[in-house]
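Heads up, the thing below is written out as structure tokens.
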Amino acid sequence: MLTDADIQSHADRIRDDGYTVIERAASPELVEGLKAAVLRIEREHDLGLAKTSFEGFKTLRINNLLTYDDLFWEVPLHENVLPVVERVLDRECLLSSFCSLVLGPGQEAQPIHEDTQLIPLPRPHIPITINAIWALTDFRDDNGATRILPGSHKFPTSPEYGKEYDAVTATMPAGSVMLFDSALWHGGGANTSDARRFAFSCAYCWGWMRQQENLQLGIPRETAVRFPRRLQELCGYGVYKGQFGHIDNRDPIELLGRERGKRMVWEATDVKKARMANQ
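Read in order, the letters of the sequence shown correspond to residues 23 to 301 in our numbering.
Here you go:
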């Protein structure tokens, strides 16, 4: 488990370099269980490969992973990953998207891009999304390890789509997790090996942002009600700063049978005033 000093060190690297790697963050047992779950889901649901060149014609992308297997719940909540995300964003961050990235042999390299270029913010800007790339197999030069341009999150522009850039290959052993500012220029590598490269993309965003996946509608209520409370909050069953996301001035987590959630900011203000008056 990461110490507070470890957490701060990784957060500082994301601030300075745009990324950090937590080597062997996940246990071998968890990694093998996650891979087996992906293979089972692919087989049982007859899932095919992606349909666009950007997603990869030889890449298996399974979205809405939390609905398929309870083991996947451990990924967004992992004790060696989530605390770093919360240090860069805050404790009220949200899960933005969670999908598999299984690159088959012959998968071409993805164009260098950054994940915030459709959001009309001048660059550089504060981190608004942190992506966690989970390596479920070793990430190597020959099997499609993610390519990055360190420090590019501070560039004043986004990359030119389709242009070649001098990128660094983020090699790492299975079980490792690379966290990066979504403004970092990056792209999946080419898989020239004879085996599949297994990975997850687990992205988090601020509580005031719209999530990339609509998890409140995509995850059946009977599934969400079984989540640990923290995972429910990450999926959007909460109110950011007591103001954004409420339903009739109530915390939506109550819809999942939880006890009273957070007070709204205006109610909390009155409670604070009353408490001060009684002192």
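Positions of the beta carbon are idealized from the N, C-alpha and C atoms, including for glycine. Keep in mind it's a predicted model, so treat the numbers as computed, not measured.
task: Within 10 angstroms of the Cβ of L69, are there 16 or more other Cβ atoms? Answer buried if so, exposed if not.
output: Position 47 of the sequence shown, counted from the first residue, corresponds to residue 69. Flag for L69 reads exposed.
Helix, strand or coil at W324 according to DSSP, with G and I counted as helix: Coverage of the chain is limited to positions 23 through 301, which leaves residue 324 absent and any answer about it impossible.
- prompt: Straight-line CA distance for R243 to K73?
  reply: The residue given as residue 243 occupies position 221 in the sequence shown. The residue given as residue 73 occupies position 51 in the sequence shown. About 29 angstroms.
query: Which class does H147 belong to by DSSP, given the choice of helix, strand or coil?
result: Translated into the one-based positions of the sequence shown, residue 147 becomes position 125. In the three-state reduction of the DSSP assignment, H147 falls in the coil class, being assigned neither a helical nor a strand state.
- prompt: Do you know how far the Cα of T151 is from the Cα of S204?
  reply: Position 182 of the sequence shown holds residue 204. Position 129 of the sequence shown holds residue 151. CA-to-CA, the gap between S204 and T151 works out to about 5 angstroms.
query: Between R252, G173, L87 and V190, which lies nearest to I122 when the distance is taken from Cα to Cα?
result: In the sequence shown, the residue the question calls residue 122 occupies position 100. At residue 122 the sequence reads Ser, which differs from the Ile that was named. It is L87 whose Cα lies nearest to the Cα of S122.
query: Does the distance from the C-beta atom of L201 to that of Y41 stay below 8 angstroms?
result: One-based indexing of the sequence shown puts residue 201 at position 179. One-based indexing of the sequence shown puts residue 41 at position 19. Between L201 and Y41, the C-beta spacing is below 8 angstroms.
field: the segment 178-185 contacting the segment 134-144, beta-carbon criterion three pairs below 8 angstroms
entry: The segment 178-185 is in contact with the segment 134-144.
query: For D39, which option in A217, A212, A296 and A192 has the closest C-alpha, if you only look at C-alpha atoms?
result: Residue mapping note: residue 39 aligns to position 17 of the sequence shown, counting from 1. Ranked by Cα distance from D39, the options A217, A212, A296 and A192 are led by A192.
message: Between which two residues does the alpha helix (DSSP H) holding V107 run?
response: Here residue 107 refers to the residue found at position 85 of the sequence shown. Bounds of the alpha helix (DSSP H) holding V107 are L104 to V110.
field: Cβ neighbour criterion (16 or more within 10 Å) applied to F222
entry: Position 200 of the sequence shown holds residue 222. With 16 or more other CB atoms across the displayed protein chains lying within 10 angstroms of its CB, F222 is buried.
- request: Starting from the C-beta of E45, find all residues in its chain whose C-beta is less than 7 angstroms away, skip the five residues before and the five after it, and write them out in chain order.
  value: Counting from one through the sequence shown, the residue named residue 45 turns up at place 23. Answer for E45: M194, P195 and S198, listed in chain order.
field: Contact check, T81 vs V124, beta carbons under 8 angstroms
entry: In the sequence shown, residue 81 corresponds to position 59, counting from 1. In the sequence shown, residue 124 corresponds to position 102, counting from 1. For the 8 angstroms CB-CB criterion, T81 and V124 form a contact.
query: Going by the beta-carbon positions, is the gap between Y226 and W207 smaller than 8 angstroms?
result: Sequence index remark: in the sequence shown, residue 226 carries index 204 (1-based). Sequence index remark: in the sequence shown, residue 207 carries index 185 (1-based). For the 8 angstroms CB-CB criterion, Y226 and W207 do not form a contact.
task: Pull up the distance between the alpha-carbon of D164 and that of G78, whole angstroms please.
output: Taking the sequence shown and counting its residues from 1, one reaches residue 164 at position 142. Taking the sequence shown and counting its residues from 1, one reaches residue 78 at position 56. The straight-line gap from Cα to Cα measures roughly 16 angstroms.
query: Residue ranges of each beta strand (DSSP E) run of no fewer than 3 residues wholly in the segment 65-110, ordered along the chain?
result: Fully enclosed beta strand (DSSP E) runs of 3 or longer: not present.
- prompt: Would you call the segment 26-35 and the segment 100-119 touching, i.e. three or more CB-CB distances under 8 angstroms?
  reply: As far as the Cβ criterion goes, the segment 26-35 touches the segment 100-119, which means the pair count is three or higher.
message: Rounded to the nearest angstrom, what separates R232 and S118 at their Cα positions?
response: Within the sequence shown, the letter at position 210 stands for residue 232. Within the sequence shown, the letter at position 96 stands for residue 118. Straight-line measurement puts the Cα of S118 at about 8 angstroms from the Cα of R232.
query: For S241, which residues of its own chain have a beta-carbon under 8 angstroms away from its beta-carbon, when the five flanking residues on both sides are left out?
result: For this step, residue 241 is matched to residue 219 along the sequence shown. First, the residue type needs correcting, since residue 241 is Ile and not Ser in the sequence shown. Same-chain partners within the cutoff: N86, L88, T89 and C257.
query: How about E276 and R282: are their beta carbons less than 8 angstroms apart?
result: Along the sequence shown, one-based indexing puts residue 276 at 254. Along the sequence shown, one-based indexing puts residue 282 at 260. Yes, the pair counts as a contact, with Cβ atoms nearer than the cut-off.
query: Within 10 angstroms of its Cβ, does R219 collect 16 or more other Cβ (buried), or is it exposed?
result: The residue labelled residue 219 in the question sits at position 197 within the sequence shown. Flag for R219 reads buried.
- prompt: Where A189 and F161 are concerned, what is the direct C-alpha to C-alpha distance, given to the nearest angstrom?
  reply: Taking the sequence shown and counting its residues from 1, the one referred to as residue 189 is at position 167. Taking the sequence shown and counting its residues from 1, the one referred to as residue 161 is at position 139. The straight-line gap from Cα to Cα measures roughly 15 angstroms.
- prompt: Hey, would you say G229 sits closer than 8 angstroms to Y262, going by beta carbons?
  reply: Counted from its first residue, the sequence shown places residue 229 at position 207. Counted from its first residue, the sequence shown places residue 262 at position 240. Taking 8 angstroms as the cut-off, the beta carbon of G229 is found closer than this to the beta carbon of Y262.
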